[in-house]
Amino acid sequence: MTRAASVLPPGFVWGASTAAYQVEGAAHLEGRRDSIWDVFCRVPGAVVDEHDGEVATDSYFRYAEDVAAARALNLGAYRFSASWARVRPDGGPVNRAGVDYYSRLVDALLEAGIAPWLTLYHWDLPQAIEEQGGWAERSTAYRFVDYAATLHDALGDRVRVWTTLNEPWCSAFLGYGNGQHAPGRRDARAAMAAVHHLLLAHGLATTELRRQDATATLAISLNLDVADPADPADPGDVDAARRIDGQWNRLFLDPLFRGEYPADVLAQTAHLGLTDHVRDGDLAAIAAPFDVLGVNYYHGQAVSHRPPPTPLHGLPSLARPVTSPLPAPEGIHRVPRGLPQTAMGWEVQPEGLTRLLLRLQEEYTGPAGVAMAVTETGAAYDDVVGPDGRVDDPERRAFLAAHVGAVQDAVASGADVRGFFVWSLLDNFEWAWGYSRRFGLVHVDYATQQRTLKTSGEWFAQVAAQGGLPWEERS
Ligand code: FCB
């Protein structure tokens with residue numbers, strides 16, 4: 004065994020992630036009805052080249068190929084999400100065909116020896132529920148619990164890891180705040196209401212799943228940020244970093260782990276009325292115990308209270324202008340650090356992941372006895388299919404090696420991390436970027452749906468087989 008492998012705990016899980024709307028397709032087949040993403044994709048200028056998830060990677064029909072790819076990658080787990088609009092179309096009665104699809108997928112995974120990690124909500128609210136107020140409405144939280152229970156009734160005997168929400172920060176602030184994502188609302192008050200109702204949905208569903216299933220592993224995945232002051236000696240920059248941390252991280256971590264919203268964020272956003280939505284007992288409900296904090300990490304950022312001469316780009320150029328997603332963005336500016344960037348314009352900063360995991364361990368998960376898993380990291384690059392049909396992507400391999408190394412460093416220093424999931428198993432519909440950005444370990448030719456393992460995938464299969472990265476591969 005390599006030295007590195009011995010650092011990771013026994014049973015450390017190597018996986019890859021996808022999400023329903025990004026891969027399934029079959030968007031209006033077999034009973035599925037519109038989600039907010041179907042509707043958003045029809046808004047002119049909302050998605051690059053007016054792409055949509057109507058077909059995506061056709062995984063509703065080709066899931067066996069996806070499972071075969073996961074197997075070729077030696078994955079121990081596959082993290083996928085279920086589409087609420089397929090399971091309970093329009094938020095109404097159960098659609099048997101939809102449930103059966105997930106049942107077939109789960110069986111295929113189990114047959115291949117791959118553990119299904121199911122996320123209940125990865126951004127695709129049934130449109131009918133949005134028309135009744137969406138996440139800005141309290142009732143959506145209760146409807147989410149019903150949906151969670153429906154799926155657990157059908158799959159709970161075989162799915163042992165249940166994640167309530169993926170990145171509620173994005174659902175609230177990109178969906179309701181700056182309109183970059185579905186449902187495309189630009190209403191900071193609605194975004195703050197959505198924060199509370201998403202967290203409430205998580206807490207109530209966690210309690211219900213625990214009631215139904217005492218031994219299930221329950222999780223939530225958050226996109227957390229590592230914000231550093233551009234100039235640590237400048238109190239204005241230090242304060243900008245603190246405010247980012249509040250609006251990105253503590254706004255979610257504090258209620259989940261401590262049953263309270265952070266006072267500084269409440270003060271900065273008092274005009275947006277978050278507390279108007281909080282009823283007696285809500286914060287205790289949100290703080291229901293769970294087992295695994297999923298950490299999604301792509302990059303950190305340096306921030307200043309002064310605008311930089313050259314801003315960082317990282318947004319698709321769309322007809323719909325997009326503003327800051329933060330509820331209180333005044334005096335917070337991202338500053339380029341000259342680090343290498345991915346095709347998303349995201350700076351590559353693996354050491355931020357080590358610091359993030361250690362900070363979480365110390366301040367949140369450790370005291371609560373909650374484990375962590377990196378449920379997403381990965382990179383988009385402009386992959387090219389070579390004349391021999393191979394897709395050689397050394398940059399993605401280097402990105403992943405550096406991030407596996409960052410996790411190993413965190414574990415060596417005491418972080419309780421149990422798994423590493425690459426975003427993504429295969430190229431797919433990258434939200435507002437449509438199909439213009441590729442994150443997969445597996446390349447997809449969208450004209451033919453042909454799947455080809457990239458060289459980063461060949462490499463990752465070895466990492467998964469040997470249980471980690473040999474020390475000498477550390478960058
Ligand atoms: C995350 C999302 C995932 C994917 C990656 C690149 O924020 O959870 O669906 O889009 O970013």
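Just so you know, we're using the numbering used here here: the sequence shown kicks off at 4 and counts up by one.
Note that CB positions come from ideal geometry on N, CA and C, so glycine has one too.
Asked                                                                                                              : Found
Spatially closest choice to G303 from L315, G297, P292, by CA coordinates                                          : L315
Close-in-space but distant-in-sequence residues of the same chain around E68 (CB under 7 Å, 5 per side omitted)    : R454
Contacting residues, own chain, Cβ-Cβ under 7 Å from R65 (five flanking each side not counted)                     : Q452
Test item: CB-CB of L123 and G137 under 7 Å                                                                        : no
A22: CB within 6 Å of a non-hydrogen atom of the ligand FCB                                                        : yes
Cβ neighbours of D110 in the same chain (closer than 8 Å, five flanking residues each side left out)               : R161
P13 classed as buried or exposed, judged by whether at least 16 other C-beta atoms fall within 10 angstroms        : exposed
Check whether F43 and A185 have beta carbons under 7 Å apart                                                       : yes
Supposed contact pair G79 and R35 - C-beta distance, whole angstroms, cut 8 Å                                      : That pair is no contact at about 30 Å.
Cβ-heavy atom distance, E170 to the ligand FCB, below 6 Å                                                          : yes
Simplified DSSP state of D231, which is helix, strand or coil                                                      : strand
Check: W349 C-beta below 6 Å from any heavy atom of the ligand FCB                                                 : no
W426: CB within 6 Å of a non-hydrogen atom of the ligand FCB                                                       : yes
Distance between W434 and N181 (C-alpha atoms, nearest Å)                                                          : 15 Å
Limits of the unbroken beta strand (DSSP E) element including W434                                                 : Unbroken run through W434: none, as it is neither H nor E.
Minimum C-alpha distance to T209 - residue among G317, A157, D294                                                  : D294
For A371, the three-state DSSP class (helix, strand or coil)                                                       : helix
In chain order, each beta strand (DSSP E) run of at least 3 residues that lies wholly inside the region 334 to 359 : 336 to 338
Simplified DSSP state of N299, which is helix, strand or coil                                                      : strand
Of the listed residues V50, A331, A22, nearest to S62 (C-alpha basis)                                              : A22
As assigned by DSSP and simplified to three states, the class of Y81                                               : strand
Distance, A217 Cα to G48 Cα                                                                                        : 46 Å
For N226, the three-state DSSP class (helix, strand or coil)                                                       : strand
Selection from P258, M347, A30, T326 that minimises the alpha carbon distance to D190                              : T326
Close-in-space but distant-in-sequence residues of the same chain around M4 (CB under 6 Å, 5 per side omitted)     : At M4 the pLDDT is 43, less than 50, meaning the model places this residue with poor confidence; the figure from the coordinates comes in the next sentence. Taken in chain order, the list of residues that qualify is empty.
Identified DSSP bridge partners for W138                                                                           : For W138, which the question treats as bridged, DSSP gives no partner whatsoever.
Collapsed DSSP secondary structure at R6 in the structure displayed                                                : In this predicted model, R6 has a pLDDT of only 46, less than 50, meaning its place in the structure is not dependable enough to derive any value.
Residues sharing a beta bridge with W126, DSSP                                                                     : Answer is none; W126 lacks a bridge partner.
Minimum C-alpha distance to A346 - residue among H336, L318, P370                                                  : L318
Reference L76; option with closest CA among L277, G460, D448                                                       : G460
Length of the line joining the Cα atoms of L202 and R192                                                           : 16 Å
Neighbour-count burial assignment, T313, 16 or more Cβ in a 10 Å radius                                            : exposed
Residue from D412, V425, S439 whose Cα sits closest to the Cα of N431                                              : S439
D448 - containing beta strand (DSSP E), residue span                                                               : 445 to 448
Delimiting residues of the beta strand (DSSP E) encompassing F424                                                  : 420 to 426
Secondary structure of Q453, DSSP reduced to three states                                                          : strand
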